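Student: Just dropping this structure here.
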Amino acid sequence: MDWDWNFVWEIMPTLIQGVKITILATILGSILAAIVGLGIALARRSENRLVARSIGWFAEFIRGTPLLVQLYFIFYVLPDIGILLPPLVAGVIGLGLHYGTYTAEVYRAGIDNVPRGQWEAAKACNLNGRHTWTHIILPQAIPPMIPALANYFIAMFKETPLLSAITVLELMNQAKSVANTYYRYIEPMTLVGAFFLVISLCSVVLLRWLEHRYGRIER
Amino acid sequence: MTQWSGYLGLILQGALVTIELTLMGSVLALIMAFLAGMGRVSRFFIVRAIATVYIEFFRGTSIFVQLFWAYFVLPFAGLSLTPLQAGVLALGLNVGAYAAEVVRGAILSVGREQYEACTALNLGRWQGMRHVILPQALLVMLPTFGNNAIELLKATSVVSLISLADLTFQAQVVRSQTGSTLMPFLSVLIIYFALALMISWGVRTLERRMARGLDGVRV
């Protein structure tokens, strides 16, 4: 077991290529998860019992099964019914859908935390359903959720290596291909680990700040 | 239709490996959770420091990276692990780090008066922990432990990438042998979901049994 710094510098450009894709996938996945989560949370509150129930079960199913198998499902099954997706798009959809079911719970808790009086006030002001949501409920519900949402986005970031299984050339895949080419596993794998550790330690600081900034509910 | 029965047998074999991994991983995770969680509330700085480093390290890097590190890098350090050993080690240490925070939170959630009562009864630190604090804290931990076990079950799917023949791996085998995609992946998703439901049902039953006799004690 010997650590070779020259080798580290040699493989660095390849790894940085992978880092870019990893970050891109995380950002796109987070945006999708934020939207999907809101959609699921709103659908579960729907007046239509059938819609609310079936969406609820669907979310439960996605949360109870592994992301890796879901990625395979999107990547291998969808082309059979004529939907051909590039690997990165399939990966982003998988991440967004999987974490969307988690963020839905955050939205649900956030919406439930808006006091009853606000709903009644909106009704008293004769606002319709859409205006109640966009002007009264969501602006009050979303800021306190931000730390919890960020927590899930960081968790998603740590799951992006799974995308390598569906041939997305992100950090883990680049590291694996480097390792297989030179048959040296120590440097690439350790660098990947160090990269994730550094980012998630930084994100702890970011989370503290977010909690301080948004976490308290002003009443 | 006859050929499917053979492939279904393959998938069920995979299910056995997945269950085996989940059980062994959970045992290791439980041990690590109590060691590290109680380490976090220790009197001694050095114990607290070691527990914190362990928790931050394993929560900060993703399970996938840890698994690859255990499987590909440790052999260079002279420690060769079989895929099963590497899988159990990575899963147990990773989920143990998450569960350790649950143990710590539950211990801290036990009221101050309970600690004072221990002192009043002249119990030692260990005696108080064993007979007064932990029995109450255990009930608080249980629901979150159930969630952690489901996370562990889902995480077992990554061991397929170090060629351990679990459910996900067998689904890929069936896919490559039959060219059919929907049947293997859908059946595997359903098996994972059924296992997750079984875990949450088991934990709920256990919680009910343990809560017996504590009526009126808990607020």
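Chains as they are written, first to last, in the numbering used here: chain W, 1 to 219; chain U, 1001 to 1219.
Every residue gets a Cβ at the ideal spot worked out from N, C-alpha and C, and that includes glycine.
From a predicted model like this one, the values you see are computed outputs, not experimental measurements.
1) Quick one: using the 10 Å Cβ neighbour count with 16 as the cut-off for buried, is Leu-1161 of chain U buried or exposed?
2) Quick one: which unbroken beta strand (DSSP E) runs of 3-plus residues sit fully inside the stretch 1024-1100 of chain U? Chain order, please.
3) Would you kindly work out how many angstroms separate the C-alpha atoms of Val-204 of chain W and Gly-1006 of chain U, rounded to a whole number?
4) Hey, Ala-1036 of chain U and Ala-1100 of chain U: beta-carbon distance below 9 Å or not?
5) Indicate the three-state DSSP secondary structure (helix, strand or coil) for Trp-3 of chain W in the structure shown.
6) Let me see if you follow: with CB-CB separation under 9 Å, is Ser-1026 of chain U close to chain W or not?
7) Once the 5 residues before and after Thr-101 of chain W are set aside, which same chain residues still bring their CB inside 7 Å of it?
8) Using a Cβ cut-off of 7 Å, which residues of the stretch 141-163 of chain W contact any Cβ in chain U, in chain order?
9) Does DSSP classify Ala-122 of chain W as helix, strand or coil?
10) List the residues of chain W whose Cβ lies closer than 8 Å to the Cβ of Ala-1171 of chain U, in chain order.
11) So Asn-1147 of chain U is in the alpha helix (DSSP H); what residue range does that whole segment cover?
12) Which ranges does the alpha helix (DSSP H) cover as unbroken runs of at least 4 residues, wholly within the stretch 121-168 of chain W, from first to last along the chain?
13) Quick check: the Cα distance between Val-1219 of chain U and Thr-1144 of chain U, rounded to an integer number of angstroms?
14) Please list, in chain order, the chain U residues whose beta carbon lies closer than 7 Å to that of Leu-250 of chain W.
15) Less than 9 Å between the beta carbons of Val-8 of chain W and Leu-171 of chain W, yes or no?
16) Mind listing which residues of the stretch 1142-1153 of chain U have their C-beta closer than 7 Å to chain W's C-betas, in chain order?
17) Could you check where the alpha helix (DSSP H) with Ile-186 of chain W kicks off and where it finishes?
18) Mind checking whether Leu-1067 of chain U and Val-1203 of chain U have CB atoms under 9 Å apart?
19) For Ile-111 of chain W, collect the residues of the same chain with a Cβ closer than 6 Å to its Cβ; drop the 5 residues on either side in sequence, then sort them by chain order.
20) Out of U:Val-1173, U:Leu-1028 and U:Val-1102, which one is the CA nearest neighbour of Leu-1234 of chain U?
21) Does the Cβ-Cβ distance between Gly-96 of chain W and Ile-35 of chain W come in under 9 Å?
22) Note down, in chain order, every chain W residue with its Cβ under 8 Å from the Cβ of Phe-1034 of chain U.
23) Alpha carbons only, please: which of W:Asn-173, W:Tyr-152 and W:Ala-155 is nearest the one belonging to Pro-161 of chain W?
24) For the stretch 1174-1206 of chain U, which residues have a CB atom closer than 8 Å to at least one CB atom of chain W, in sequence order?
25) What's the gap between the Cα of Gln-1170 of chain U and the Cα of Ala-1117 of chain U?
26) Which one of U:Val-1027, U:Tyr-1115, U:Gly-1179 and U:Leu-1142 has the shortest CA to CA distance from Thr-1205 of chain U?
27) Whole alpha helix (DSSP H) runs in the stretch 58-96 of chain W with 4 or more residues, listed along the chain?
28) Whole angstroms is fine: what's the gap from Trp-57 of chain W's alpha carbon to Phe-1064 of chain U's?
29) In three-state terms, what does DSSP make of Pro-115 of chain W?
30) How long is the line joining the alpha carbons of Asn-113 of chain W and Arg-53 of chain W, rounded to whole angstroms?
31) Any idea what DSSP makes of Tyr-183 of chain W, helix, strand or coil?
32) Just the chain W side, please: which residues come within less than 9 Å of Trp-1069 of chain U by C-beta, in chain order?
33) Under the three-state reduction of DSSP, which class applies to Ser-1160 of chain U: helix, strand or coil?
34) With DSSP run on the structure shown, which of helix, strand or coil describes Thr-1181 of chain U?
35) Helix, strand or coil: how does DSSP classify Val-1110 of chain U here?
36) Chain W beta carbons: is any one of them nearer than 9 Å to that of Leu-1134 of chain U?
Tutor: So, to answer that:
1) Residue mapping note: residue 1161 of chain U aligns to position 161 of the second sequence, counting from 1. Buried.
2) none
3) Counting from one through the first sequence, the residue named residue 204 of chain W turns up at place 204. Counting from one through the second sequence, the residue named residue 1006 of chain U turns up at place 6. Spanning the two alpha carbons is a distance of roughly 49 Å.
4) Residue numbering aside, residue 1036 of chain U sits at position 36 when the second sequence is read from its first letter. Residue numbering aside, residue 1100 of chain U sits at position 100 when the second sequence is read from its first letter. Contact flag set, yes.
5) Position 3 of the first sequence, counted from the start, is the residue given in the question as residue 3 of chain W. In the structure shown, Trp-3 of chain W sits in coil (DSSP, three-state: anything other than H, G, I, E or B).
6) Residue numbering aside, residue 1026 of chain U sits at position 26 when the second sequence is read from its first letter. Answer no: the Cβ-Cβ gap between Ser-1026 of chain U and chain W never drops below 9 Å.
7) Counting from 1 along the first sequence, the entry for residue 101 of chain W is found at position 101. Answer for Thr-101 of chain W: Ile-40, Ala-59, Ile-62 and Arg-63, listed in chain order.
8) Lys-158, Glu-159, Pro-161 and Leu-162
9) Locating residue 122 of chain W in the first sequence gives position 122, where the first residue counts as 1. Helix.
10) Residue mapping note: residue 1171 of chain U aligns to position 171 of the second sequence, counting from 1. Going along chain W in sequence order, the residues near Ala-1171 of chain U (Cβ under 8 Å) are Val-69 and Tyr-72.
11) Taking the second sequence and counting its residues from 1, one reaches residue 1147 of chain U at position 147. Per DSSP, Asn-1147 of chain U belongs to the alpha helix (DSSP H) from 1134-1155.
12) 138-159
13) As a working mapping, residue 1219 of chain U is identified with position 219 in the second sequence. As a working mapping, residue 1144 of chain U is identified with position 144 in the second sequence. Its pLDDT being 46, under 50, Val-1219 of chain U is placed unreliably by the model, and the measurement read from it follows with that caveat. Each residue's Cα considered, the two are about 19 Å apart.
14) Here chain W has residues from 1 to 219 only, and residue 250 of chain W is not among them.
15) Working through the first sequence from its first residue, we reach residue 8 of chain W at position 8. Working through the first sequence from its first residue, we reach residue 171 of chain W at position 171. No; because the gap between Cβ atoms is not below 9 Å, this pair is not in contact.
16) Ile-1150
17) By 1-based counting over the first sequence, the position of residue 186 of chain W is 186. From DSSP, the alpha helix (DSSP H) with Ile-186 of chain W extends over 186-214.
18) The residue you call residue 1067 of chain U lines up with position 67 of the second sequence. The residue you call residue 1203 of chain U lines up with position 203 of the second sequence. No.
19) As a working mapping, residue 111 of chain W is identified with position 111 in the first sequence. Only Ala-141 meet the Cβ criterion.
20) Past the boundaries of the shown model lies residue 1234 of chain U; chain U is included only from 1001 to 1219, so the question cannot be answered.
21) Translated into the one-based positions of the first sequence, residue 96 of chain W becomes position 96. Translated into the one-based positions of the first sequence, residue 35 of chain W becomes position 35. Their beta carbons are under 9 Å apart, which means Gly-96 of chain W touches Ile-35 of chain W by this criterion.
22) In the second sequence, the residue the question calls residue 1034 of chain U occupies position 34. Result: empty, since nearest Cβ-Cβ is about 24 Å, beyond 8 Å.
23) Residue numbering aside, residue 161 of chain W sits at position 161 when the first sequence is read from its first letter. Nearest option by C-alpha distance: W:Asn-173.
24) Arg-1175, Thr-1181, Leu-1182, Phe-1185, Leu-1186, Val-1188, Leu-1189, Tyr-1192, Phe-1193, Ala-1196 and Leu-1197
25) The residue labelled residue 1170 of chain U in the question sits at position 170 within the second sequence. The residue labelled residue 1117 of chain U in the question sits at position 117 within the second sequence. Taking the straight line joining both Cα atoms gives about 55 Å.
26) Looking up residue 1205 of chain U in the second sequence gives position 205. For the residues U:Val-1027, U:Tyr-1115, U:Gly-1179 and U:Leu-1142, the minimum Cα distance to Thr-1205 of chain U belongs to U:Leu-1142.
27) 67-72
28) Position 57 of the first sequence, counted from the start, is the residue given in the question as residue 57 of chain W. Position 64 of the second sequence, counted from the start, is the residue given in the question as residue 1064 of chain U. So the two alpha carbons sit approximately 28 Å from each other.
29) What you label residue 115 of chain W is simply residue 115 of the first sequence in a count that begins at 1. Pro-115 of chain W: coil per DSSP, three-state reduction.
30) On the first sequence, position 113 is the one that residue 113 of chain W refers to. On the first sequence, position 53 is the one that residue 53 of chain W refers to. Rounded to the nearest angstrom, the two C-alpha atoms are 22 Å apart.
31) Translated into positions along the first sequence, residue 183 of chain W becomes position 183. In this structure, Tyr-183 of chain W counts as coil in the three-state DSSP scheme.
32) Taking the first residue of the second sequence as 1, we reach residue 1069 of chain U at position 69. Simply Tyr-185, Met-189, Thr-190, Val-192 and Gly-193.
33) In the second sequence, counting from the first residue as 1, residue 1160 of chain U sits at position 160. Three-state DSSP puts Ser-1160 of chain U in a helix.
34) Here the question's residue 1181 of chain U lines up with position 181 in the second sequence. Coil, per DSSP.
35) Here residue 1110 of chain U corresponds to residue number 110 of the second sequence, with the count starting at 1. Val-1110 of chain U falls in the coil class under three-state DSSP.
36) Indexing the second sequence from 1 puts residue 1134 of chain U at position 134. Cβ-Cβ to chain W under 9 Å: no for Leu-1134 of chain U.
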